[in-house]
Amino acid sequence: MARLTAQPVAQLAGVQRDAFDAWIAGMTIVEDHEDGPGFAAWIAEHATTAGDVTWAFIDDGGSIVATASLVRIDRELVAPADGWVLAGVNVARARRGQGNGAAVVVWILGEMRRRAVEVQRPLVVRLQADDPTAIRLYRRHGFVADDAHPMVYWLLVTPERHNHDDADR
Ligand SMILES: CC(C)(COP(=O)(O)OP(=O)(O)OC[C@H]1O[C@@H](n2cnc3c(N)ncnc32)[C@H](O)[C@@H]1OP(=O)(O)O)[C@@H](O)C(=O)NCCC(=O)NCCS
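Numbering (the numbering used here), first residue to last: 377 to 545.
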């Protein structure tokens, strides 16, 4: 699996912030399942929402490879009281199919476990996905379909370590 470092986007500066913004702005629905300007506005909106965080995932060479966010509300998808919504998962086109998506999910589950340890109780992570590659990725990491809500998947992250989560963290 790829080795990536997570950096909150709010802490990116200089050329790295410019590279992140340019990458997001250039996204298209067809290739990235995101409209660049719309996604940039979504990230900016969540940057001002208390508790929400968007990360950039950076490889050993300093290149931004991926992004993902943990938020309370993603459009119509609302986090449970004890949980978060995983949203905005995206891997740069040229870097897909190399284990970067898996590295992002593993890191996010590690972050969820850290939060669960902090509050000493299990936390739920929910997400919405319709892309088959994304659904396979999430299922491989333990997410299950929410029978009551089409395209919604969830996973309970407990304070204890599990073999499918943050072993590499
Ligand atoms: C969905 C997405 C995040 C997956 O990211 P990714 O980096 O391609 O994910 P991975 O590389 O970990 O896994 C993808 C596939 O590559 C395979 N793979 C991983 N490493 C590999 C390697 N070294 N060699 C060959 N194949 C590899 C995985 O087994 C997986 O196969 P599958 O699709 O048959 O299940 C990415 O395609 C993306 O950004 N898509 C556009 C945005 C999107 O749809 N986001 C999801 C929103 S819910």
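Built from N, CA and C at the ideal position, the CB exists for glycine as well.
Set against 7 Å, the gap from the CB of histidine 525 to the closest heavy atom of ligand 1 is not smaller. Secondary structure at arginine 502: strand, using DSSP grouped into helix, strand and coil. In terms of CA proximity to arginine 537, Val482 leads the group Val441, Gln392, Val461 and Val482. In the DSSP assignment, glycine 459 falls within the beta strand (DSSP E) that extends over 459-467. Looking at Val429, Ala378, Asp411 and Gly438, the one whose alpha-carbon comes closest to that of glycine 390 is Gly438. A straight-line Cα-Cα distance of about 14 Å links glutamate 407 and aspartate 506. Just measuring C-alpha positions, the residue of Ile400, Asn476 and Arg515 sitting nearest alanine 420 is Ile400.
In terms of side-chain proximity, the C-beta atom of leucine 503 is found nearer than 7 Å to a non-hydrogen atom of ligand 1.
Between the C-alpha atoms of aspartate 450 and glycine 477 there is a straight-line separation of about 20 Å. Sixteen is the threshold: when 16 or more other Cβ atoms of the shown chains lie within 10 Å of the Cβ of arginine 502, as they do, the residue is buried. In its chain, beyond the 5 residues on either side, Tyr529 have a beta carbon closer than 7 Å to the beta carbon of alanine 521. As computed with DSSP, aspartate 450 is found in a beta bridge with Leu453.
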